[in-house]
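Position 228, counted from 1, in the sequence shown is what numbering that gives the first Met the number 0 calls 227; the numbers after and before it change by one each time, with no gaps. Glycine included, every Cβ here is placed at the ideal spot set by N, Cα and C.
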Amino acid sequence: MEPTVEPSPGRRAANGVGLALGSGAARGLAHIGVIRALQERHISINCVAGTSIGALIGAVFCAGNLEALARDFHSFDWKRVASLLDPVFPRSGLIDGQKVAAFLRTYVPFRNIEDLPVPFCAVATDMLTGDEVVLSRGDVIEAVRASIAVPGMLTPVRSNGRLLVDGGLVNPVPVKTTRAMGSDRVVAVNLNHDFVEKRLARLQPPAGQRADERGTSRLRDALQSFSSPAATQLSAWLHREPAPGIIDVLMGSLTIMQARVTEANLERDRPDLLIRPPLGDVRFMDFDRAAATIASGYAAAKNDLQAWSR
Numbered sequence: 000m001e002p003t004v005e006p007s008p009g010r011r012a013a014n015g016v017g018l019a020l021g022s023g024a025a026r027g028l029a030h031i032g033v034i035r036a037l038q039e040r041h042i043s044i045n046c047v048a049g050t051s052i053g054a055l056i057g058a059v060f061c062a063g064n065l066e067a068l069a070r071d072f073h074s075f076d077w078k079r080v081a082s083l084l085d086p087v088f089p090r091s092g093l094i095d096g097q098k099v100a101a102f103l104r105t106y107v108p109f110r111n112i113e114d115l116p117v118p119f120c121a122v123a124t125d126m127l128t129g130d131e132v133v134l135s136r137g138d139v140i141e142a143v144r145a146s147i148a149v150p151g152m153l154t155p156v157r158s159n160g161r162l163l164v165d166g167g168l169v170n171p172v173p174v175k176t177t178r179a180m181g182s183d184r185v186v187a188v189n190l191n192h193d194f195v196e197k198r199l200a201r202l203q204p205p206a207g208q209r210a211d212e213r214g215t216s217r218l219r220d221a222l223q224s225f226s227s228p229a230a231t232q233l234s235a236w237l238h239r240e241p242a243p244g245i246i247d248v249l250m251g252s253l254t255i256m257q258a259r260v261t262e263a264n265l266e267r268d269r270p271d272l273l274i275r276p277p278l279g280d281v282r283f284m285d286f287d288r289a290a291a292t293i294a295s296g297y298a299a300a301k302n303d304l305q306a307w308s309r
């Protein structure tokens, strides 16, 4: 099925490479390291297509503020992660996402996608039709917010009569989308390739802890700082959940699906260079592991770029 594409203002990529930044929640911080490795080798990035966290990192890069974002993430701890949550349970998602949007605005001082210095688009999914929707113009924050709307976690975004959710459902690593932007060479980043094998190791819990419950327990801890009825209700509900926790089940299932979709898509739409940082042990909400995750992306990209150059 061909993606639904927002009307384009006609911007085309110049010489250089196009980046296809994949989905992967906290694993997406590795995109920062990949971009650093490309810049270190003086490889010009002429356009970016991003899915989910790839859209968020891509938008900040295209706005010229990636290093400022990286410095902020280096100081993240779990309390800072919790400050970006705005629980709205029960609704169409556990988190409303307005605090995340406000956080993103501090790094993207442009209203519309077509105003960004580097051509950019975000990939989302039409929840009603299942179509891929490529957002290439209009409000940049709304586009990213739609692309990161993980089903069940963040509330969907209504846009032009559509209900949009995470683009990772249909196109986790948007290679074809990047080529459509006019780039002859595409560098793609797949963040989920080793998730399944690493997950098997995680299912062996430490003594006294239920299997694979860290994601749920972290969300429960974060909710303790909120006084709203929704947060109290959600916290109590999460405490009643048996292992594995609801967050681990939801995010684990989604990541497995995205890994399989990516495999199929990459067989059909091959990038010129595919970078696959080893991130299977980084969980959905592990934004407090920024330094190690960014370093992993940098090391993988540096190694692959050396081989690619040869």
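query                                                                                                                                                                            : result
Tell me whether the region 261-271 and the region 174-190 touch, counting them as touching only if at least three CB pairs, one residue from each stretch, are closer than 8 Å.  : yes
Quick one: Cα of aspartate 247 to Cα of asparagine 45, how far?                                                                                                                  : 37 Å
Express the C-alpha separation of glutamate 66 and phenylalanine 75 in angstroms, rounding to a whole number.                                                                    : 15 Å
Which stretch, first to last residue, makes up the beta strand (DSSP E) that contains isoleucine 44?                                                                             : 44-50
Determine, using beta carbons only, whether serine 51 and isoleucine 112 come nearer to each other than 8 Å.                                                                     : no
Taking the C-alpha atoms as reference points, what is the distance between glycine 166 and valine 143?                                                                           : 10 Å
Can you tell me which of the three DSSP states methionine 152 falls into?                                                                                                        : strand
What is the DSSP secondary structure of arginine 157, counted as helix, strand or coil?                                                                                          : strand
From the DSSP output, read off the bridge partner residues of glycine 92.                                                                                                        : Gly151
Check whether the Cβ atoms of leucine 329 and threonine 292 lie closer than 8 Å to each other.                                                                                   : This structure leaves residue 329 out entirely; the chain is present only between 0 and 309.
Which runs of the alpha helix (DSSP H) fall wholly inside the region 82-150 and span at least 4 residues, in chain order?                                                        : 97-104 and 139-146
Along the chain, where does the alpha helix (DSSP H) that runs through valine 16 open and close?                                                                                 : Here valine 16 belongs to no alpha helix (DSSP H); instead the beta strand (DSSP E) covers 16-20.
Give the range of the beta strand (DSSP E) segment to which leucine 272 is assigned.                                                                                             : 272-274
Leaving out the 5 sequence neighbours to the left and right, which residues in its chain are closer than 6 Å to arginine 35 when beta-carbon positions are compared?             : Tyr297
I'd like to know whether the C-beta atoms of leucine 278 and serine 295 end up nearer to each other than 8 Å.                                                                    : yes
Evaluate asparagine 191 with the Cβ neighbour count: other Cβ atoms within 10 Å of its Cβ, from every protein chain shown; 16 or more gives buried, anything less gives exposed. : buried
Answer yes or no: do valine 107 and isoleucine 140 have a C-beta to C-beta separation smaller than 8 Å?                                                                          : yes
Exposed or buried, which one is asparagine 189 when buried takes at least 16 other CB atoms within 10 Å?                                                                         : buried
I need the straight-line Cα distance from alanine 24 to proline 116, nearest angstrom please.                                                                                    : 25 Å
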